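Numbering (the UniProt record's numbering), first residue to last: 1 to 138. So the structure is just underneath, and the comments pick up after that.
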Amino acid sequence: MNKDTLDYQLYLVQREIIKKYNREFLKPYSLSYQHYLVLMVLDEHHALPVLQLGEKLAFQSGTITPIIKKMEAKGLVERIRMSSDERVVEVTLTEKAKELIEPLKATPMNMYMTSNLSAEEYQLLMKLSNKLSNNMTY
1 MNKDTLDYQL
11 YLVQREIIKK
21 YNREFLKPYS
31 LSYQHYLVLM
41 VLDEHHALPV
51 LQLGEKLAFQ
61 SGTITPIIKK
71 MEAKGLVERI
81 RMSSDERVVE
91 VTLTEKAKEL
101 IEPLKATPMN
111 MYMTSNLSAE
121 EYQLLMKLSN
131 KLSNNMTY
């Protein structure tokens, strides 16, 4: 593999970011990076069917269910079968999870503060990342 390609460098950065989140920011809460992402999406949308939650996170259906089950066992989310369609299961945050949201929202800023990027570099990286992401979406 050519280590001088953009895709490989982005992979390395993503891997290191996830490790840093897990090790430094999420460990005190006994959360994984995937749990953190679920909490942030549910905070924004309040409640979502499992399928839509998985789609928003770009998780495959076989991935999201075990994550939700672990989070439910930790008392962070509840699964509620919809009365209008019992095949649909909606996921919501518990009060315990809602108490974690504000401290967790500081995590991206903490990541920035430890990245050694200037504010200008950070803004440029965000702009370029968004451009790449938008151009890759079909």
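Ideal Cβ placement from N, Cα and C applies to all residues, glycine included. Source: prediction; values computed, not measured.
How far does the beta strand (DSSP E) with residue i in it reach, from first residue to last?
i	result
E78	77 to 81
Tell me where the alpha helix (DSSP H) around residue i begins and ends.
i	result
P103	95 to 105
N130	119 to 136
K20	6 to 20
Does residue i come out as helix, strand or coil in the three-state DSSP assignment?
i	result
residue 140	Since the first residue shown for the chain is 1 and the last is 138, residue 140 is missing from the structure and cannot be characterised.
A47	strand
V88	coil
L26	helix
A58	coil
L37	helix
K74	coil
L31	coil
K3	coil
Measure the beta-carbon distance from residue i to residue j and round it to whole angstroms, keeping in mind my assumption that it falls under 8 Å.
i	j	result
L42	T92	7 Å
I101	L39	7 Å
L53	S61	No, L53 and S61 are not in contact; Cβ-Cβ is about 10 Å, not under 8 Å.
Measure the CB-CB distance between residue i and residue j and report whether it falls below 8 Å.
i	j	result
Y8	I18	no
M71	H35	yes
T94	L117	no
R88	P49	Note that residue 88 corresponds to Val in the displayed sequence, not to Arg. Yes.
E86	A47	no
Y21	T107	yes
Segment contact, 8 Å Cβ cut-off, at least three pairs: the segment 130 to 137 with the segment 57 to 69: With contact defined as three or more Cβ pairs closer than 8 Å, the segment 130 to 137 and the segment 57 to 69 are not in contact.
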